Every structure is written in structure tokens, then in C-alpha cells.
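Notes to accompany the following structure.
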Amino acid sequence: MGLVFVRCEAVVQRRGLPGRRAVSADLFRRGGRFILQPRLNSSVLGGDSWLSIVVKRGKTSRWCSDADIAIRSTTSKGKRMAEQFYTVASDSETTGEDKSQLSFPDVAIGIDIGTSKCSVAIWNGHQVELLKNTRNQKGMRSYVMFKDDTLSAGVTGGAAQESAHEERDILSGSAIFNMKRLIGRMDTDEVVQASKTLPFLVQTLGIGVRPFIAALVNNMWRSTTPEEVLAIFLLELKALVEMHLKHPVRNAVLTIPVAFSRFQQTRIERAFAMAGLHVLRLMPEPTAVALLYAQQQQQLMHDNMGSGIEKIALIFNMGAGYSDAAVAATAGGVSQIRALSGCTVGGEDILQNIMRHVLPNFDSLYDGHTVDRIKSMGLLRIATQDAIHKLANQESVDINIDLGNGQKVSKVLDHSEFEQVNRAIFEKCEKIIIQCLVDAKLEPEDINDVILVGGCSKIPRIRSLVLGLCKKEVSYKNIDALEAAVSGAAMEGAIASGVTDPSGSLDLLTIQATPMNLGIRADGNNFAAIIPRNTTVPARRDMLFTTTHDNQTEALIAVYEGEGEQAEDNHLLGYFKIAGIPPAPKGSVEISVCMDIDASNVLRVFAGVVKPQGPAIPPFIEVRMPTLDDGHGWCGQALAKMYGKTIDLAVLPKKLQP
-9 MGLVFVRCEA VVQRRGLPGR RAVSADLFRR GGRFILQPRL NSSVLGGDSW LSIVVKRGKT
51 SRWCSDADIA IRSTTSKGKR MAEQFYTVAS DSETTGEDKS QLSFPDVAIG IDIGTSKCSV
111 AIWNGHQVEL LKNTRNQKGM RSYVMFKDDT LSAGVTGGAA QESAHEERDI LSGSAIFNMK
171 RLIGRMDTDE VVQASKTLPF LVQTLGIGVR PFIAALVNNM WRSTTPEEVL AIFLLELKAL
231 VEMHLKHPVR NAVLTIPVAF SRFQQTRIER AFAMAGLHVL RLMPEPTAVA LLYAQQQQQL
291 MHDNMGSGIE KIALIFNMGA GYSDAAVAAT AGGVSQIRAL SGCTVGGEDI LQNIMRHVLP
351 NFDSLYDGHT VDRIKSMGLL RIATQDAIHK LANQESVDIN IDLGNGQKVS KVLDHSEFEQ
411 VNRAIFEKCE KIIIQCLVDA KLEPEDINDV ILVGGCSKIP RIRSLVLGLC KKEVSYKNID
471 ALEAAVSGAA MEGAIASGVT DPSGSLDLLT IQATPMNLGI RADGNNFAAI IPRNTTVPAR
531 RDMLFTTTHD NQTEALIAVY EGEGEQAEDN HLLGYFKIAG IPPAPKGSVE ISVCMDIDAS
591 NVLRVFAGVV KPQGPAIPPF IEVRMPTLDD GHGWCGQALA KMYGKTIDLA VLPKKLQP
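Oh and the sequence shown: position 638 is 628 in my numbering, straight run, nothing missing.
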């Protein structure tokens, strides 16, 4: 396992030899030792190829200055070489030229784009600061309004007294929202299908391509894409930050749900690029919360002169579109994610359930997008949202609304009814929490703190469910449920940008983990996981496969991520073909497939034919994933159409051979 520091140039001195060398790398700690991993293709220290590296300056660099450092290299075949020992040079040994290479003038901002609300934070030199819009709001509505030839987003908004009018406009068909739920999804996805009840146009062809979405502008549909909507929103958010900082911003650390596929990550990064922002790092939302928790525990340790005893926290985050759970172990400013789990349920699903409950003919009534139906949909959403919010603080609530066209709703909703209607959602939340505890090999009694974040964490049933599973009476109180994720992202942005703090507030490390299995299709439609979920990142794993046909000369490598036992139940990230396999009886040729995730979460897949106990035989292919774009090739039919019978030449894990 490893702990990643801030990326920079490390000055190393080989034990017993004169001179120092600058190395680009990532720093990890394994047990009582520290390990430097040079970046890919670095020739400074020799070796066929080198992996990544990072060293943190300030207090941490002095802490490491006398530590033995192991430089670990990996050949292009994935074979481990002998470890050599190095020492990181102290600050006094570092030249002015070296220090200039370590400067990071562009400090990354932290952004948390929620399904319903968004927030942005910066490191202001000594602490995290959440920025406010012109309404003095830290949490800004995640929508874009299309009106005539003008566009406006929820970042700025109007005056407070216009909020009611704005709410009606948002739900009148001219605003696009819930983009976090739609981005990177194909039209056959059940989340996309459920989004057809939103008060704007969502149409699908059901053939595995991205959905068609449009806003109602002057009684005409104006088509757009989730990426375009998000980019427009980000442009306003970027302008807000630059107005506050009085200088341009380029880099951002973005929080994402645990259940976000790599394809969704790619699409959201594209939206950031359209807005002129570079995603420096993607952080699962509970991982960002864990970093904030680690900072608070470190401060308590300093204030109380404690010993830095490890504390274990279970973090549960439920927003409008997603739910996440994580187990994090924290000690001395170090946060290690031991387990992650997530699902695509949230407040939007609760809202949809209640809307259907109070209006039994909901689906038939809103099977269309006329102006009147969109207006009725908006009115029902407003009334239902208001009822759910009130129910958090009272035993029951009255829902009375005139939807027009002779449709009226008059309903009393109480807690027991609310919980029964959303029982399936609560069961999914329970499942991911239990999964985290099992994966982390922990009992509820091992949990020190329960951290509840996200807008839905205020729902009484959610609070009682999480606390009950962890056998706790109360949750951790020192974290704001709506600001925790973006605060952690802002701290990570400062750390990743090389910022140091004299008080030690940024002497923090986060060990991230893979949220889902990564592997390939093998033995028909089976999914062979090469990198299991909850593997510490950076990671590199390989697995041997073999041919399934006599004289097989090519094979299709289809890369997936997910938890399903069958490949088709997971997210297809991409595929490529290996050609030039030496003709031989089936099962006699070994094909090595290696997966590598670097410190920036970039996934590369290597594949080639190898001799037993020997080097790879050219060609040895390297592909960065994902390779799919706009949904092309999402389904098996598209693969078959492109490659024909090649799809049947699946590789077979050697361990599964008869």
C-alpha cells in the first residue's frame, strides 16, 4: 500500500556514491519504509521504464530527509527489478534551481458538482474558504436556463425576491438540470429512462447511444448535451472564482460519486475542458470527506499533544443523485481508504417515488412533453420537494396542489408511509454500508466515528439506518454535511499544487482505492477481474490468459469495470485486438494482460504474447482507457459488427483451463 505525496521533483542521493540526481516521482510509505516510484519513461535512474513519483516539501520533506528510500523500477514486461536504496535530500541541500522547479503558482480550486447543487472552495493561504454568489449562497443551483438567445446558470441567479419566479422558470421546460445523473450514460440506462419525467425533453432510441435532451425555448425545443450544459455552468463558476481571486484559474480538483464509471469521468473532464478548466485530480466524494476528517484529527492531536492513534470512520454520503459509503483509517494526517461502495440512488429517486405515490396515474399523465404537462410536472415537483423537506422536522405533512387540466392532489404523508414507499432505496443504502464493512474486514464496534454528509443525510430514516448499522447513538458533529466534500477537494487542490502551510494544516496524505473491479471478458461472457475493487492506487496487476481455439492468431481484449460476474453486466470501457499470435494448439499460448493505474488515476492496459518465464513477444500493445466515445460500441452487437467472428476468439484465464 502507498501514501501519495504532492507531485514534484525529488532530489535523491544514492547511498555510498557521490552526487545528487533530480527524479520525477511519487512517494509512498510501506510499513516502516518509504518508497519512491519514478514516473513512466524516466531515464534519470536507468531501467527499462519507470512508474510515477511525488515528494511533499516543508515539514514533510524534513521528516523524510533522513529516511531510507527504496527506488522501485518495473520493466516494460511488468517484471520486478531489484530495489535500490536512496535518501531524499534535505531542504538545506536543495539548490535554488531545485526549489524553483518545486514552485506551483497555479493553486487548484475544489469543485463539488452535485445533482441539484454545486459549490466551489479555495485554499486562501491558511484555511479553506467556500465562495459565495451574488445571493450570498455557498450552495448554488446546478442548472442552465435557456431563454431566447441568452443563457444563464444557477451560479449567479437574481435577487432573493426573484427566487419564487426563478423556481417556476426552472420547472417550465426552459432549464436543464440533473446533468450529473445523465452525463456519460447511454439511452438504455435505467437512470436515463427515469429522467423522462423531468420537466424538459429527454428522448431515447434504445440502441446504446447517448440520449437526446432539449430545453423549451419560445415553444420550440433547443437541443443540447449534458457536456454542453455542464460547460456553460462551469464557465459561470470559473468567472465567479476569478472575480474573487482577481487572477485566472486553470486547475481544479473535482469530487465525483463512487459509482461514476470511467466513461462518465472522461465525459465530465471533457466538459471541464470546454470551460477552460483542467481536472488535476478526481476524488470520490467520501475520499474528499476523509481528507477533511484527517486534517481535523491531526489538529486535535497537535492541540492535545496526542500520540496519533489510528481512528476509523465510516463515511456515508447521500445526495440528490448518488449514494456513497467508505471506510477510512486516519492517523497523523494520513487517510487510507480501506473500502468504497456506491450506487445510483439519491434524493431524486425519493422525489420520483413520492410523486408517483401521491399521483397514482403519474406515468400515464406525463407520457409526453406538451407545455401544459411540463407545467404540471413542475408544480408537482415543487409541492413534493417542499413536503419532503418539511417531513424531516415533523410527523406528517399535507400535500395540496392544483396541477391544472382538472388534476388535483390532496394527500397527507407521514413518516411510516414515506419509509414504506422508499423501502427499496433504503435497502440499497444499507447494502453498500454492509459491503464496506465486509470489504474492510471490520465489525461495527471497530468504527470510531460515523460521518453523515450530503443533503439527504438529514432524512431521519437515513440517519437512523446508518447509525444503527454502525451501532452508534450519534454521528460525528465537526463536519458540515453540505460543505465537507468541497472542503476536502480544496485541500487536495492545494496539496497537489505544492502549497505548504506553516501550521502544518496541509501535511496530509490520502491513500485512494479503486471503487470497482477492472478486468476483461474471458471464457465466453465471464468477467475476469485483474485489479479488484479497493486496491490501493497507484496499482499494477497482471494476469495470464490463453487461446481457446487451435491455431488462433488474434484475440479481442474487451475491458470492463464493475461488480457483475458477467461482462455484459459491467461498464464497457473499450477494446482492442491482438494480432500476430503464433499458431499453436489451443491452451498452449500465454497472453499477458496487465492493467496499470497511475497516481493521476489514468488506466492503461498492456497485452501481448509471452513465453513461459520469458519476455514478451512483439507486438506488445498499450492502450489508454476508456477508448469509447459517444456510446459507440457500448453493446455486444456493435462489437460483433465491427470485428465479426473475432469477438468469439475470447481469451481464457489459464487457471480456468480443464
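Ideal placement from N, C-alpha and C gives every residue a C-beta, glycine not left out. None of these values were measured; they are calculated from a predicted model.
Delimiting residues of the beta strand (DSSP E) encompassing residue i
i           : result
residue 257 : From DSSP, residue 257 is part of no beta strand (DSSP E) but of the alpha helix (DSSP H) over 252 to 264.
residue 401 : 397 to 404
residue 535 : 529 to 536
residue 584 : 580 to 587
residue 133 : 133 to 137
residue 141 : 140 to 143
residue 119 : 118 to 120
residue 270 : 268 to 274
When the options are compared against residue i, the one with the closest alpha-carbon
i           : options               : result
residue 313 : 452, 213, 216 and 231 : 452
residue 283 : 404, 481 and 411      : 481
residue 589 : 214, 167, 273 and 384 : 273
residue 360 : 371, 350 and 395      : 395
residue 251 : 611, 593 and 380      : 593
residue 240 : 143, 523, 537 and 487 : 487
residue 321 : 438, 533, 138 and 562 : 438
residue 307 : 499, 246 and 265      : 246
residue 514 : 538, 448, 427 and 122 : 538
residue 544 : 521, 571 and 231      : 571
residue 326 : 316, 169, 597 and 233 : 316
residue 526 : 287, 330, 121 and 300 : 330
residue 458 : 423, 474 and 430      : 423
residue 319 : 342, 332, 351 and 281 : 281
residue 436 : 427, 505, 558 and 442 : 427
residue 113 : 243, 445, 550 and 551 : 243
According to DSSP, residues forming a beta bridge with residue i
i           : result
residue 509 : 519 and 550
residue 102 : 109 and 245
residue 326 : 319 and 501
residue 289 : Answer is none; residue 289 lacks a bridge partner.
residue 332 : 314
residue 453 : Answer by DSSP bridge pairing: none, since residue 453 is not bridged.
residue 556 : 516
residue 447 : None; residue 447 has no bridge partner.
residue 210 : 207
residue 442 : 306
residue 390 : 400
residue 564 : 549
residue 612 : 596
residue 576 : According to DSSP, which records beta bridges pairwise, residue 576 is partnered with nothing at all.
residue 301 : 320
residue 543 : Answer is none; residue 543 lacks a bridge partner.
The alpha helix (DSSP H) enclosing residue i, as first and last residue numbers
i           : result
residue 343 : 337 to 348
residue 485 : 474 to 486
residue 652 : It is not possible to answer for residue 652, since the shown part of the chain is limited to -9 through 648.
residue 425 : 413 to 429
residue 364 : 361 to 381
Neighbour-count burial assignment, residue i, 16 or more Cβ in a 10 Å radius
i           : result
residue 179 : buried
residue 209 : exposed
residue 107 : buried
residue 530 : buried
residue 187 : buried
residue 135 : buried
residue 171 : buried
residue 143 : buried
residue 554 : exposed
residue 463 : exposed
residue 697 : Beyond the ends of the chain as shown, which are -9 and 648, falls residue 697; an answer cannot be given.
residue 168 : buried
residue 693 : A query on residue 693 cannot be resolved here, the shown segment of the chain reaching from -9 to 648 and no further.
residue 140 : exposed
residue 236 : exposed
residue 226 : buried
residue 500 : buried
residue 102 : buried
residue 615 : buried
Near the ligand COA: residue i beta-carbon under 6 Å from a heavy atom
i           : result
residue 447 : The ligand COA is not part of this structure, which contains no ligands at all.
Within-7 Å CB hit, residue i to chain B
i           : result
residue 263 : Among the chains of the structure shown, chain B does not appear; only one protein chain is present.
Jot down the residue ranges of each uninterrupted beta strand (DSSP E) in the region 163 to 208, minimum 3 residues, whole runs only, in chain order.
165 to 167, 191 to 193 and 202 to 207
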